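Below: one structure, written as structure tokens.
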Amino acid sequence: MKKIGILGSGKGSNFEALAEAAREGWLPVKIALLLSDVPGAGILDLAAKHKVPADYIPPGPFRTKLSPEAEAEYVKRLKDAGVELVALAGFMRLLSQPFLDEFPNAVVNIHPSLLPAFPGLESWKQALDYGVRFTGCTVHLVTPEMDAGPIIGQALAPVLPNDTPDTLHARIQVQEHKLYVECLKLWAEGRLRIEGRRVVVS
Ligand code: GAR
0 MKKIGILGSG KGSNFEALAE AAREGWLPVK IALLLSDVPG AGILDLAAKH KVPADYIPPG
60 PFRTKLSPEA EAEYVKRLKD AGVELVALAG FMRLLSQPFL DEFPNAVVNI HPSLLPAFPG
120 LESWKQALDY GVRFTGCTVH LVTPEMDAGP IIGQALAPVL PNDTPDTLHA RIQVQEHKLY
180 VECLKLWAEG RLRIEGRRVV VS
């Protein structure tokens with residue numbers, strides 16, 4: 000079975016969806032390692048609950064990226080665990096080209112909007128403030144530019160008249176949990192092919 004690694008900074012609901020799908024056999028991967036840049040993050044507690052090996056690795060002095068030394072440590076730990084694909088699950092830092100080169104076309108992210116609309120932080124709030132009637136989520140390959148890589152899959156969530164940022168984010172997250180499992184299943188089954196900017200599903 001293919002081994003994947005997870006990087007996350009937050010509460011970990013996307014990780015939990017992947018862990019449950021893997022346990023049920025619906026998602027044919029083994030989650031070999033979870034790493035976080037935030038000590039005490041909820042995602043680390045969920046890793047313990049799901050018996051996934053996990054660690055906090057200090058990110059270094061920068062706010063939006065890992066230091067080169069930290070990044071090398073992340074790579075070493077993922078490689079030592081036999082990880083073939085790295086799935087970002089609420090990991091709030093950019094990764095450098097040298098990191099991405101270690102896992103060619105095999106670092107993926109989930110983002111809470113229909114990219115290329117609303118990249119960056121709190122995309123559900125951006126969508127609400129903009130006044131769009133539909134938003135959603137995107138699973139994409141990671142490139143050094145933020146939220147800009149080739150798109151693997153998207154799912155839709157409506158914006159309802161009385162939404163607050165929290166109610167809208169919760170509705171998007173329901174879609175995220177399904178979409179991430181579906182997209183990683185396609186990868187695990189070898190059904191994704193990259194043609195330039197496009198990801199072709201067979
Ligand atoms: C998710 O909504 C994910 O799409 C978002 O962070 C949340 C993490 O939730 N990621 C980004 O905004 C990345 N740019 P989780 O910790 O419950 O999975």
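In numbering that gives the first Met the number 0, the protein residues as written are 0 to 201. C-beta: ideal position from N, C-alpha, C; glycine also. Because the structure is a prediction, the values reported are computed rather than measured.
Exercise. In chain order, what residues of the same chain have a beta carbon less than 7 Å from the beta carbon of H168, not counting five sequence neighbours either side?
Worked result: P111, W123
For this session: Buried or exposed for A46, please, with buried defined as at least 16 other CB atoms from any protein chain shown within 10 angstroms of its CB.
Result: buried
Exercise. In chain order, which beta strand (DSSP E) runs of at least 3 residues are fully inside the stretch 47-118?
Worked result: 53-55, 84-87, 106-110
For this session: Identify whether T166 lies in helix, strand or coil by the three-state DSSP scheme.
Result: helix
Exercise. Who are the Cβ neighbours of Y73 in its own chain at under 8 Å, not counting the five residues just before and after it?
Worked result: L6, L34, I56, L65, F98
Problem set entry | Three-state class that DSSP yields for K29 in the structure shown | strand
Problem set entry | Sequence-distant residues of its chain with Cβ nearer than 8 Å to R190 (five each side left out) | V200, S201
Exercise. In whole angstroms, what separates the C-alpha of S8 from that of P160?
Worked result: 31 Å
For this session: Check each candidate in K2, A86, A126, L17 and name the one with the smallest Cα separation from I171.
Result: A126
Exercise. Just to check, is the beta-carbon of L0 closer than 7 Å to a non-hydrogen atom of the ligand GAR?
Worked result: It should be pointed out that residue 0 corresponds to Met in this sequence rather than to Leu. False, no ligand heavy atom lies under 7 Å from that Cβ.
For this session: Using three-state DSSP, classify S35 as helix, strand or coil.
Result: strand
Exercise. In this structure, does DSSP put A18 in helix, strand or coil?
Worked result: helix
For this session: Can you have a look at D79 and say buried or exposed, based on whether 16 or more other CB atoms are within 10 angstroms of its CB?
Result: exposed
Exercise. How far does the beta strand (DSSP E) with A154 in it reach, from first residue to last?
Worked result: 150-157
For this session: For A88, verify whether its CB is less than 7 Å away from any heavy atom of the ligand GAR.
Result: yes
For this session: Please confirm whether any heavy atom of the ligand HEM lies closer than 7 Å to the CB of K184.
Result: Among the ligands modelled here, namely the ligand GAR, the ligand HEM does not occur.
For this session: Would you check whether the ligand GAR has a heavy atom nearer than 7 Å to the C-beta of H139?
Result: no
Exercise. Thinking C-alpha only, which one of T137, L140, G119 is nearest L63?
Worked result: Position check: residue 63 holds Thr in this sequence, whereas Leu was assumed. Residue G119 is the option with its Cα nearest to T63.
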